[in-house]
Amino acid sequence: MHSLLTPCKSILLFCLLLFFSCRKDPAGSATGKPAPSDNASRPVGQPIDDVYTEFIGPEGGTVQSPDGEMEVVIPPGALATTTEIGIQPITHTAISGIGNGYRLTPHGAIFQKKVTIRFRYEGKGGRISNTTALEVAYQNQEGVWTCIGGAKKDPVRKTISVETDHFSDWGFIASMQLLPVVSTIGVGESKNLKAFYYIQYNDEDDFLVSLTNPEAGTGTPILIQKKYVVGWTLHGPGKLQANGAEAVYTAPVVMPEETSVTITLELNVNGKQVLLVSTLHLIKEGIMISLDGGPWKLYGG
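Structure representation (structure tokens):
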């Protein structure tokens, strides 16, 4: 049995101009491990669609959001009585949030067994610098988006999931990124690239929270230190000048036949290889726009 609650639908207008090319680089620091105060309290997400609900009993079951982007798997014995489980898409307020956030209800519900929360990341390549750096987070009572650790990634189904015993506002985030992840650049122009991490770690030598550090808060973007940088690689036309976790790409003055450039930053994080990728599209004139990670289209060129 399921229902769709429609107390009042809000209409949201999203104006997308120069979608990623106008994105402002966040401020960062190369001084190392951030203080706990860098955990950033964020606004609560606003509903962008109705609540979808299903009734799940002690025998367990699965509830999937209508958009197919996330699901909750409730095992047998997690619920003592039949309970109305709700999923509502909300604006994702985490600094490095990807896609929508989701409000799971009953809010604050505690389960007798852990449930699985699973997200799909397929089709969001324009927002992901590396799938290794994906994490699942919830927003705690202080407003801090917090990674619980133990995230499992399925590269075949392109999903990421965690187990938890409570409901809250959930979403998946990038723990580190090479910015811009995707952007456009005109011939003869230059673009700055910077690699940041967003999660406040207990052990500054290990960024991979899913392996080592549950309940890590997210906060102010921090520039990755030089000691983790192995090297930069440019695939495509143009020139790249790098300094630690920062680089400047300069496009050719004449439009080449190959109009896409891939820039890769290789990191060594506590013995683990991490590759962060940025893709730049060379354009002559006009505006190039990508909607929700879809294909890029040139307008006015």
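Everything in the sequence shown is counted per our numbering, starting at 935 for the first residue and increasing by one.
Even for Gly, the Cβ is constructed at its ideal location relative to N, Cα and C.
Here the structure is a predicted model, which is why all the values come from computation and not from measurement.
Alpha carbon to alpha carbon, how far is residue i from residue j?
{"i": "THR1025", "j": "ALA1181", "result": "32 Å"}
{"i": "PHE1130", "j": "LYS1218", "result": "30 Å"}
{"i": "ALA1028", "j": "LYS1173", "result": "33 Å"}
{"i": "SER963", "j": "VAL1203", "result": "Interpretation of SER963 is limited by its pLDDT of 36, a score under 50 that renders its predicted location unreliable; the figure taken from the coordinates is listed afterwards. Going from the Cα of SER963 to the Cα of VAL1203 covers about 18 Å."}
{"i": "LEU1145", "j": "GLY1084", "result": "Residue confidence is low: LEU1145 scores 40 on pLDDT, short of 50, so the model does not pin down where it sits. No coordinate-derived value is stated."}
{"i": "SER1117", "j": "LEU1209", "result": "18 Å"}
{"i": "PHE1045", "j": "ILE1032", "result": "27 Å"}
{"i": "LEU1013", "j": "SER1095", "result": "20 Å"}
{"i": "THR1039", "j": "VAL1195", "result": "43 Å"}
{"i": "ASP984", "j": "LYS1161", "result": "47 Å"}
{"i": "CYS1081", "j": "GLU1069", "result": "7 Å"}
{"i": "LYS990", "j": "THR1015", "result": "Note that residue 990 corresponds to Ile in the displayed sequence, not to Lys. Cα-Cα distance, rounded: 8 Å."}
{"i": "THR1193", "j": "GLY995", "result": "48 Å"}
{"i": "LEU1113", "j": "LEU1199", "result": "11 Å"}
{"i": "GLU993", "j": "GLY1120", "result": "58 Å"}
{"i": "LYS1048", "j": "GLN1175", "result": "48 Å"}
{"i": "ILE982", "j": "PRO1023", "result": "6 Å"}
{"i": "VAL978", "j": "ARG1037", "result": "10 Å"}
{"i": "GLY1002", "j": "GLY1122", "result": "42 Å"}
{"i": "MET1004", "j": "ASN1034", "result": "10 Å"}
{"i": "HIS1215", "j": "PRO1186", "result": "12 Å"}
{"i": "GLY1165", "j": "LEU1201", "result": "7 Å"}
Check for me: the beta strand (DSSP E) holding residue i runs from which residue to which?
{"i": "ASN1064", "result": "From DSSP, ASN1064 is part of no beta strand (DSSP E); its letter is neither H nor E."}
{"i": "ALA1028", "result": "Per DSSP, ALA1028 belongs to no beta strand (DSSP E) and is neither H nor E."}
{"i": "HIS1041", "result": "Premise fails: HIS1041 is in no beta strand (DSSP E) and is neither H nor E."}
{"i": "GLN980", "result": "It is not in any beta strand (DSSP E) - GLN980 carries neither H nor E in the DSSP assignment."}
{"i": "ILE1158", "result": "It is not in any beta strand (DSSP E) - ILE1158 carries neither H nor E in the DSSP assignment."}
{"i": "ASP1088", "result": "1086 to 1088"}
{"i": "LEU1214", "result": "1206 to 1217"}
{"i": "MET1004", "result": "1004 to 1008"}
{"i": "LEU1013", "result": "First-last for LEU1013: undefined, no H or E at that position."}
{"i": "LYS1173", "result": "1173 to 1177"}
{"i": "ALA1181", "result": "1180 to 1184"}
{"i": "THR1167", "result": "1163 to 1169"}
{"i": "GLY995", "result": "995 to 998"}
{"i": "ASN1202", "result": "1194 to 1203"}
Would you mind giving the Cβ-Cβ distance between residue i and residue j, rounded to the nearest angstrom? I have them listed as a contact below 8 Å.
{"i": "SER1212", "j": "LEU1127", "result": "6 Å"}
{"i": "ILE1008", "j": "TYR986", "result": "ILE1008 to TYR986, Cβ: 15 Å. No contact."}
{"i": "VAL1115", "j": "ILE1051", "result": "Not really, about 24 Å apart at Cβ, beyond 8 Å."}
{"i": "LEU1168", "j": "ILE1133", "result": "About 28 Å; that fails the 8 Å criterion."}
Could you check whether the Cβ of residue i sits closer than 7 Å to any heavy atom belonging to the ligand SAM?
{"i": "SER1109", "result": "Inclusion of the ligand SAM in the displayed structure is not the case, the ligand content being empty and no account of it being possible."}
Examine chain B for any beta-carbon lying closer than 8 Å to the beta-carbon of residue i, and answer yes or no.
{"i": "GLN1022", "result": "Looking at the structure shown, chain B is missing, and only one protein chain is on hand."}
*Between the stretch 1155 to 1175 and the stretch 1095 to 1104, are three or more C-beta pairs nearer than 8 Å?*
no
_Restricting to runs no shorter than 3 residues, where is the beta strand (DSSP E) found entirely within the stretch 1096 to 1139?_
1103 to 1108, 1110 to 1113, 1116 to 1120, 1124 to 1133
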